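The structure under discussion appears below in the form of structure tokens.
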Amino acid sequence: MSYAEAGAGAPFVLVHGWAANGAFFSDLSAQLATTHRVYALTLRGHAGSGNGASPLTIETLADDIVHFFEALDLKGAYALGWSMGAMALWAASPRIGARLSGLIVEDMSPRLINDESWEHGISSGYGAHDIANTVSEIEADWPSYVSRFAPRMFAASMRAACPELEAWAAGQMAQADAHAMASYWRSMASQDFRAALARITTPMLVIHGGDSQVYDDGATEFIARTAPNATRVVIKGAGHVPHLEAPDDFLNHIEAFVRETRRPELRSGGATP
């Protein structure tokens, strides 16, 4: 795992989504760095970070995040998980919860797979029977898969107004390792955090893109209803990437959340991993 850092102040850790990398947070990092020490992670197997020897799973990502927090002795931190990044933070939360002032979830569901018990997974009605085909497509022709996946990340209005954003995102995602992405997809599809959310007591801000083509309203509504200290906001006109599609609204919601939840009694150390 690699990372970029900037700014000074209370730590703020940014964890990107599947197939993305820390560059997706460049603008948000610069804004947050005026008041925070910002760490934009690039998870193993993604562009700019090696695969390493461990299995490429949500559990391994959680281990990496825990090690990062412990090595830097981060305390009173905020952590933002976008999409898969939220799953990694949920998995890490039992071990880093005491180090957090707040957790921000950006457009994610506690479970990707839809079945008779859950209808708020991936919005296409994606089920367990679809996993093998997805993995096969990823491994057979990753650039082609990205070209089909990237448009779904953004609201239709954003794609029309700013087509270069979609093109940039697709170019970044195409640099990820295909076999790593297939492994992470299998792992994500096996996760179910519905019960675990009730045990995460860290203050949580859940941000949903009102025009998300990936997850419906019910996914983030469930998170906000189940996590004991969660609040939810919907950013109208944004898709699966609100921090890029509506950056001003996104930042305003984060800043308000920080003002409400800051824990001044916690301070970080200065170790480096």
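Residue numbers (the working numbering): -8 to 264. Glycine included, each C-beta is placed from N, C-alpha and C at the ideal position. Just so we're clear, the structure is a prediction, and the values are computed from it rather than from any experiment.
Quiz item: Taking contact to mean at least 3 C-beta pairs separated by less than 8 Å, is the segment 184 to 196 in contact with the segment 133 to 147?
Solution: Using a C-beta cut-off of 8 Å, the segment 184 to 196 makes no contact with the segment 133 to 147, since fewer than three inter-stretch Cβ pairs fall below that distance.
Quiz item: Applying the criterion that 16 or more other CB atoms from any shown protein chain within 10 Å of the CB defines a buried residue, is Arg35 buried or exposed?
Solution: Start at 1 with the first residue of the sequence shown, and residue 35 comes out as number 44. So Arg35 counts as buried.
Quiz item: On the three-pair Cβ rule with 8 Å, is the segment 54 to 73 touching the segment 172 to 180?
Solution: no
Exercise. Hey, could you find the ends of the beta strand (DSSP E) Phe60 is sitting in?
Key: Counting from 1 along the sequence shown, the entry for residue 60 is found at position 69. Here Phe60 belongs to no beta strand (DSSP E); instead the alpha helix (DSSP H) covers 49 to 62.
Quiz prompt | Whole-angstrom distance between Met78 and Asp207, CA atom to CA atom | solution = Here residue 207 refers to the residue found at position 216 when the sequence shown is read from its first residue. Here residue 78 refers to the residue found at position 87 when the sequence shown is read from its first residue. Spanning the two alpha carbons is a distance of roughly 17 Å.
Quiz item: Nearest CA to the CA of Ala215: which residue from Ala229, His231, Met195?
Solution: Residue 215 sits at position 224 when you count from the first residue of the sequence shown. That would be Met195, whose Cα lies nearest to the Cα of Ala215.
Quiz item: If you draw a straight line from the alpha carbon of Val96 to that of Asn42, how long is it in whole angstroms?
Solution: Counted from its first residue, the sequence shown places residue 96 at position 105. Counted from its first residue, the sequence shown places residue 42 at position 51. About 25 Å.
Quiz item: Going by beta carbon distance, what residues of the same chain come within less than 8 Å of Pro264, once the five residues before and after it are set aside?
Solution: Counted from its first residue, the sequence shown places residue 264 at position 273. Confidence at Pro264 is low in this model, with a pLDDT of 41, below 50, so its placement is unreliable and the value that follows should be read with caution. Same-chain partners within the cutoff: His58, Phe59, Ala62, Leu63.
Exercise. For His120, count neighbouring C-beta atoms within 10 Å of its own C-beta (all shown protein chains included) and say buried if the count is 16 or more, exposed if not.
Key: Taking the first residue of the sequence shown as position 1, residue 120 is located at position 129. Burial call: exposed.
Exercise. Tell me whether Asn105 is buried or exposed, calling it buried when 16 or more other Cβ atoms sit within 10 Å of its Cβ.
Key: In the sequence shown, the residue the question calls residue 105 occupies position 114. Buried.
Exercise. Tell me whether Gly261 is buried or exposed, calling it buried when 16 or more other Cβ atoms sit within 10 Å of its Cβ.
Key: Taking the sequence shown and counting its residues from 1, one reaches residue 261 at position 270. Legend: pLDDT at Gly261 = 43, less than 50; position of this residue unreliable, value from coordinates given subsequently. It is exposed - the Cβ of Gly261 has fewer than 16 other Cβ atoms within 10 Å.
Quiz item: Which residue from Gly112, Arg86, Val249 puts its Cα closest to that of Thr222?
Solution: Indexing the sequence shown from 1 puts residue 222 at position 231. Thr222 has its Cα closest to that of Val249, out of Gly112, Arg86, Val249.
Quiz item: Apart from the five residues just before and just after Val225, which ones in its own chain have a Cβ nearer than 7 Å to its Cβ?
Solution: Here residue 225 corresponds to residue number 234 of the sequence shown, with the count starting at 1. Only His199, Gly201 meet the Cβ criterion.
Quiz item: From what residue to what residue does the alpha helix (DSSP H) around Met270 run?
Solution: Absent from the structure is residue 270, since the part of the chain shown begins at -8 and ends at 264.
Quiz item: Can you tell me whether DSSP reads Leu91 as helix, strand or coil?
Solution: Position 100 of the sequence shown, counting from 1, holds the residue named residue 91. In this structure, Leu91 counts as strand in the three-state DSSP scheme.
Self-check item: Spatially closest choice to Phe16 from Asn220, Gln163, Phe213, by CA coordinates
Solution: The sequence position of residue 16 within the sequence shown is 25, counting from 1. That would be Gln163, whose Cα lies nearest to the Cα of Phe16.
Exercise. Quick one: grab the DSSP three-state call for Ala123.
Key: Translated into the one-based positions of the sequence shown, residue 123 becomes position 132. DSSP places Ala123 within a helical segment (H, G or I) once states are collapsed to three.
Exercise. Figure out for me which residue from His231, Glu251, Met(-8), Asp240 has the closest Cα to the Cα of Ser114.
Key: Residue 114 sits at position 123 when you count from the first residue of the sequence shown. Among His231, Glu251, Met(-8), Asp240, the Cα nearest to that of Ser114 is on His231.
Quiz prompt | CA-to-CA distance, Val6 to Leu65, given in whole angstroms | solution = For the purposes of this step, residue 65 is identified with residue 74 of the sequence shown, where counting begins at 1. For the purposes of this step, residue 6 is identified with residue 15 of the sequence shown, where counting begins at 1. Near 15 Å, if we compare the C-alpha coordinates of Val6 and Leu65.
Quiz prompt | Whole-number beta carbon distance between Ser100 and Gly118, since they are thought to touch under 8 Å | solution = For this step, residue 118 is matched to residue 127 along the sequence shown. For this step, residue 100 is matched to residue 109 along the sequence shown. Contact between Gly118 and Ser100 is absent: CB atoms are separated by about 14 Å, not below the 8 Å threshold.
Self-check item: CB contact flag (Ser92, Arg253, <8 Å)
Solution: Here the question's residue 92 lines up with position 101 in the sequence shown. Here the question's residue 253 lines up with position 262 in the sequence shown. The answer is yes: Cβ separation under 8 Å.
Quiz item: If you run the structure through DSSP and keep just helix, strand and coil, what is Ile245?
Solution: The sequence position of residue 245 within the sequence shown is 254, counting from 1. The answer is helix: DSSP assigns Ile245 an H, G or I state.
Practice problem: Using the Cα positions of Ile122 and Ala82, report the straight-line distance between them to the nearest angstrom. | Solution: Locating residue 122 in the sequence shown gives position 131, where the first residue counts as 1. Locating residue 82 in the sequence shown gives position 91, where the first residue counts as 1. Rounded to whole angstroms, Ile122 to Ala82 spans 21 Å at the Cα level.
Self-check item: Close-in-space but distant-in-sequence residues of the same chain around Ala218 (CB under 6 Å, 5 per side omitted)
Solution: If you number the sequence shown from 1, residue 218 lands on position 227. Non-local C-beta neighbours of Ala218 in its own chain, meaning closer than 6 Å and more than five positions away in sequence, comprise Leu188, Ile191, Met195, ordered along the chain.
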